[in-house]
Amino acid sequence: MAEGQIAGSADRQRVSLTRVTSILLSGRLLGVAFGLINAVVLARVLGVTALGEYAYAMGLVALFGLVPNSGLSTVITRAIALDPDHNGQLFSMAQRTQVLLGMGVFAAIMAVAMVLPQHIVSISDIALAGAQLVLGSLSIPYLAVLAGRARYDLAAVVELSVACLGTASFLVVAAYQGGLTDFLAAQIVNAVGSIVIARSVAKKYLPGSSGTPCSMVGLLREGIPFGAASIVQNLYTRIDILLLGQLSTPAMVGLYSAAYKPVNMLLSFGASASGTLFPYLVQEARTVSSGSFERVFKLVMVVAPAMAFLIGGCAQLMVELLFGVEYAPAAIMLTVLAWSAAANWLYAPIGLALQARGYERAWMAVLAAALLVNTALNLWAIPRWGGLGAAASTLLCEGLLLCICAVMMRRAFGTALSIPAVPACVGATLAGLVTFVGVHDAGAMVSALASLVLYAAVLWLFRVVTASDVHKLVGRFRETAQGHARA
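Counting from 11, one number per residue, gives the positions in the sequence shown under my numbering.
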């Protein structure tokens, strides 16, 4: 084994998974606060219809969101995780490749925008949205280097700095009563700032110029299996906004966007919790499993349904308090989408485990099938029920993905990843859902509270969660806060 690989493994062993996860989640939690401020500013300043136009422009562009990267960040992270100091040529080629891909993506965005039958925003606004996407993607390689070195504390610093810049630019636009175009221009400022911030933070951790020479074609060949899965997953999660804009009204898109704002934050939070696993799973693919996946999955399995019950009970209050009473119809959409976020939390670590162990093509095939099903369901449901139909389609597809992932995990890893708590968690969730529906006439918050109490009681009864588990988890996070986490 090369010296760099030994050093990389030693560094990884010294860094506790609890520590890096809690650091990134702490930063992401603050980032969620900034994102929430942005969402409230947009909703209050633009109103339902203009917010729908903004969401459509950003949603159309987001369909291409991961194409400029094309799996290059995963390749960089994996290379740095295995040999942190001798992949300089790979990193430089990845940057050049990403610039060329970004130029192609911008041209594709403009072409698609012009051929769509419905134009609910101007082409110039689409161009602004596309430019911020391409520019913002240029910061990703620097974050990939930090992830490969397990420096999630610095990744959190970058994310927080960029989030703070974005909120500041939005507040300036709101102070001058700016409109749709002004908010899109503010996104350009934020994208440029993200490049500067990410490069300045990651500069000392960039690999040297040494390493095996690689070509652009070879790099894409290595990255596309990872990137294709991410691109398909991105299409799968974004197609509803595009179809809603084409088949419904800007106001309906605005309501759906308001419902999706908290859900996007939850999805981002869940992705952070499971995303820190990837470098560890890459290492463990060559050694004996340390149980990292099992610990993270069990935690998510317990927390995800509780989150959905809580959001369901507070949806009406949350929407009206944050966005205003004109957004009240979005509450039911938020309730449905919260359960789709719970399913996403559950299958996200499984998808990462499959990719880390070489099953990225099988994972991509599953995502492609889910994309087709999601598109078909939205085409059928949106003309009938608008945003609620889109939310229900998302929930059905996320549930389907979770079931397929469970089967794939069992077949790929056998009993190595057997988690006995699964039946108890499923039973507790079903009992909570029956309670939520049964006492809903007493009020959403009362039904959510009753569901949470029953859910927790079942988990406690079957010892899925014990006082020792809670004490141990709190202790690990306390150690992290004090800077003394143990490996």
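Just so it is clear, CB atoms sit at the ideal spot from N, CA and C, and this is done for glycine as well.
In terms of Cα proximity to Val85, the closest of Tyr337, Arg231, Lys214 is Arg231. Taking 8 Å as the cut-off, the Cβ atoms of Leu464 and Gly437 do not count as close. Linking Val206 to Arg248 through their CA atoms gives a straight-line distance of about 28 Å. In the structure shown, Ser132 falls within a coil segment according to DSSP collapsed to helix, strand and coil. Residue environment analysis places Pro430 among the exposed positions, since fewer than 16 neighbouring C-beta atoms fall within 10 angstroms of its C-beta. Per DSSP, the unbroken alpha helix (DSSP H) holding Asn384 starts and ends at 370-395. Membership of Cys174 in the alpha helix (DSSP H) is indicated by the continuous run 162-185. The criterion of a C-beta distance shorter than 8 Å is not satisfied by Ala123 and Met68. One Cα belongs to Leu257, the other to Leu265, and the distance between them is close to 14 Å. Taking the Cβ atoms as the reference, Ala348 lies roughly 6 Å from Gly322, within the contact range of under 8 Å.
Per DSSP, Asn97 lies in no alpha helix (DSSP H) and is assigned neither H nor E.
Nearest to Ala141 by alpha-carbon distance, out of Leu70, Ser132, Ser278, Phe116, is Phe116. Judged by DSSP in its simplified three-state form, Leu148 adopts coil rather than helix or strand.
Taking a contact as a CB-CB distance under 8 Å, the pair Met374 and Val242 counts as one, their CB atoms being some 6 Å apart.
Contact annotation, Met419 with Ala372: C-beta distance approximately 11 Å; criterion of less than 8 Å not satisfied. Rounded to the nearest angstrom, the gap between the Cα atoms of Val42 and Phe472 is 34 Å. Taking a contact as a CB-CB distance under 8 Å, the pair Phe74 and Ile119 counts as one, their CB atoms being some 6 Å apart. Val329 sits away from Ala184, with the two beta carbons spaced by 8 Å or more. Under the 10 Å beta carbon count, Val125 is surrounded by fewer than 16 other beta carbons and is classified as exposed. By the Cβ neighbour-count rule, Cys413 is exposed, with fewer than 16 other Cβ atoms within 10 Å of its own. Its chain contains no residue whose beta carbon lies nearer than 6 Å to that of Leu410 once the 5 sequence neighbours on both sides are disregarded.
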